[in-house]
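S.K.:
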Amino acid sequence: MDAYLRRTAMWYGGLGLLSGSVMRNLALPPAYFQHVVREIEIMGVRSLGVALTAAVFTGMVFALQSAVNMARFGAENYVGPLVALAILRELGPVLTAILVGGKVASGITAELGSMKVTEQIDALRTLGVNYVKRLIVPRMLAALVVFPLLTVLADVLGVVGGMVIMFLERGADMWAYWNATTYWVVPKDFLMGIGKSVVFGAIVTLIGCYNGLSTEGGTEGLGRATTATVVHVTMGVIISDFFLTKLFLILFW
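My numbering runs 5 ahead of the 1-based position in the sequence shown.
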């Protein structure tokens, strides 16, 4: 038990130190713009299929389930706003962060972990290269761009998917559905999800980078680190979502 608590404390402490180092290096030259663009392509373009497919089917499933249950209370007209609010505030940013984040963070851990066990990180230090600026900051900047954009696309497709399935399965009037949705949904509902996605992007990147840099034990240790990253990212997103929700409700509602 003591060993577990010690490892946990060291993990959180190391993650905090890495976060501080990344913050200090964000504004330092060189900018490594070409690396940022490359990471945007890896994180964003290659993850579009996963994020958008999940968003469409989540919106459709949520709309169907809501319609069946709300019809019992004569409130089926409010399915549109309910689906939109759930997707914009919670399902869009959280599902995108978990699905894309697990994929992205595990890839980061595998890449940096491979560099660590083959002593490439030590070689960069020996050459006087700031490895945080070179390897981590471009990934962080890319994540801060990619995760909000993917969340916006997921929000749109999730809401549209819910509207289409309500028309096909329940015979809902799409114009009335859209009017009810736009009447009840306000800009701060959308901005709440976008704000969460920015934080989720930072959390995903930091966890992936830290687990990669702390990899030990050769290829076996690399496998353990990659597996742990997926678990850490999922739990990090879910736990931070609660605190971010409380914060936004206090600030804006």
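Here a beta-carbon is modelled for each residue, glycine too, at the ideal position from N, C-alpha and C.
At the level of alpha carbons, what is the spacing between A185 and T63?
M.R.: Between A185 and T63, the C-alpha separation is close to 20 Å.
S.K.: Report the residue from W180, G112, E95 whose alpha carbon sits nearest the alpha carbon of A230.
M.R.: Taking only the C-alpha atoms, the option nearest A230 is G112.
S.K.: With DSSP as the reference, label W180 as helix, strand or coil.
M.R.: In the structure shown, W180 sits in a helix (DSSP, three-state: H, G or I).
S.K.: State the start and end residues of the unbroken alpha helix (DSSP H) segment that holds N30.
M.R.: Looking at the DSSP string, the run of the alpha helix (DSSP H) that includes N30 is 7-30.
S.K.: Please list the terminal residues of the continuous alpha helix (DSSP H) segment that includes K193.
M.R.: It spans 192-218 - the alpha helix (DSSP H) in which K193 sits, taken as one unbroken run.
S.K.: My guess is that V209 and A102 are in contact by the Cβ rule of under 8 Å, so how many angstroms apart are they, rounded?
M.R.: Indeed, because the Cβ distance is near 6 Å, the residues count as touching under 8 Å.
S.K.: Counting only the same chain and skipping the five closest in sequence on each side, list residues whose C-beta sits under 7 Å from that of D194.
M.R.: Excluding sequence neighbours, D194 sits near L90, L93, R94.
S.K.: So which of V191, V236, P35, A159 has the shortest CA-CA distance to M65?
M.R.: Measuring from the Cα of M65, the nearest candidate turns out to be A159.
S.K.: Look at the Cβ atom of A233, then the Cβ atom of I170, and state whether they are nearer than 8 Å.
M.R.: It is not a contact, given that the beta carbons lie outside the stated cut-off.
S.K.: What separation, rounded to the nearest whole angstrom, lies between the Cα atoms of V73 and V191?
M.R.: Their Cα atoms are separated by approximately 25 Å.
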